[in-house]
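What follows is a single structure, written as structure tokens, with notes after it.
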Amino acid sequence: MVAKILISSCLLGAPVRYNGSAKTLVHDAIDRWHGEGRLVPVCPEVSAGLPIPRPPAEIEQGYSGTDVLVRTARIVENTGRDVSDEFLCGAQNALALANTHNCRFALLTDGSPSCGSSFIYNGQFTGTRHRGVGATVALLQNHGITVFANTPDGIAHLEQALIKQDDALI
Ligand code: SF4
Numbered sequence: 592m593v594a595k596i597l598i599s600s601c602l603l604g605a606p607v608r609y610n611g612s613a614k615t616l617v618h619d620a621i622d623r624w625h626g627e628g629r630l631v632p633v634c635p636e637v638s639a640g641l642p643i644p645r646p647p648a649e650i651e652q653g654y655s656g657t658d659v660l661v662r663t664a665r666i667v668e669n670t671g672r673d674v675s676d677e678f679l680c681g682a683q684n685a686l687a688l689a690n691t692h693n694c695r696f697a698l699l700t701d702g703s704p705s706c707g708s709s710f711i712y713n714g715q716f717t718g719t720r721h722r723g724v725g726a727t728v729a730l731l732q733n734h735g736i737t738v739f740a741n742t743p744d745g746i747a748h749l750e751q752a753l754i755k756q757d758d759a760l761i
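All residue numbers for the sequence shown refer to this note's numbering, where the first residue is 592 and numbers rise by one.
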């Protein structure tokens, strides 16, 4: 048995981002993990019924997904529409999928109000980043799933974690 990885579907080339684009991650490890049957793709926002394309959304200024989970912050589109419920639904869908496939690891798109794990945008739609996590990442982490960002360091750390997990599954 091999350890499974929950992965943002936009990283695998699916055109599901708010602007209808993908964020394809080209890396040898992705091809290898795909061949090994490890990858479990998910787009939390689309799973919750949000359309493609859709207006960009950010978490209220100064907050992160953790605050959205406890409802001290909201996620709003640049139109002003509150989409917190949809983002929470997407987070729950991602967690359910991870549990179904027994994923202990996730590789998710950094910067997203759902999938961001090291930074998100500050809620002002000015392109300004701050440290924080998206709503899906907050829920996954609260349930013991380790989330890695789509960066060279993130992939390297995930490779190390997989080696240990595969050894434990033997
Ligand atoms: Fe990609 Fe996650 Fe945004 Fe979906 S919610 S488009 S998987 S970053």
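We put the CB at the ideal spot given by N, CA and C, even for glycine.
Opposite residue i in the DSSP bridges: which residues?
| i | result |
| --- | --- |
| proline 632 | Ile598 |
With a threshold of 7 angstroms on Cβ separation, who are the neighbours of residue i within its own chain once the five nearest residues in sequence on each side are excluded?
| i | result |
| --- | --- |
| arginine 695 | Ala594, Ile736, Thr737, Gln756 |
| glycine 731 | According to the sequence provided, residue 731 is leucine. The question's glycine does not apply to it. So the qualifying residues of the chain are Ala685, Leu686, Ala689, Ala697, Val738. |
| serine 600 | Val607, Pro632, Val633, Cys634 |
| alanine 620 | Ile746, Glu750 |
In chain order, what residues of the same chain have a beta carbon less than 8 angstroms from the beta carbon of residue i, not counting five sequence neighbours either side?
| i | result |
| --- | --- |
| aspartate 673 | Arg665, Ile666, Val667 |
| alanine 605 | Ala613, Pro632, Cys634 |
| isoleucine 596 | Trp624, Arg629, Leu630, Val631, Cys694, Phe696, Ala697, Leu698, Leu749, Leu753 |
Can you list, in chain order, the residues of its chain whose CB lies under 6 angstroms from that of residue i, leaving out five sequence neighbours each side?
| i | result |
| --- | --- |
| asparagine 669 | Pro646, Pro647, Phe716 |
| glycine 714 | Glu649, Ile650, Glu651, Gln652 |
Completely contained beta strand (DSSP E) runs for the segment 682–742, where each covers 3 or more residues: 696–699, 710–712, 720–722, 737–740
Below 8 angstroms, how does it come out for the segment 638–648 and the segment 615–628: are there three or more Cβ pairs, yes or no? no
Given 8 angstroms as the limit, is there contact between the segment 737–746 and the segment 714–722, that is, 3 or more CB pairs closer than that? no
For a minimum of 3 consecutive residues, which ranges assigned as the beta strand (DSSP E) are wholly contained in the segment 636–679? 648–650, 666–668
So does the segment 654–667 actually touch the segment 703–716, counting three or more Cβ pairs closer than 8 angstroms? yes
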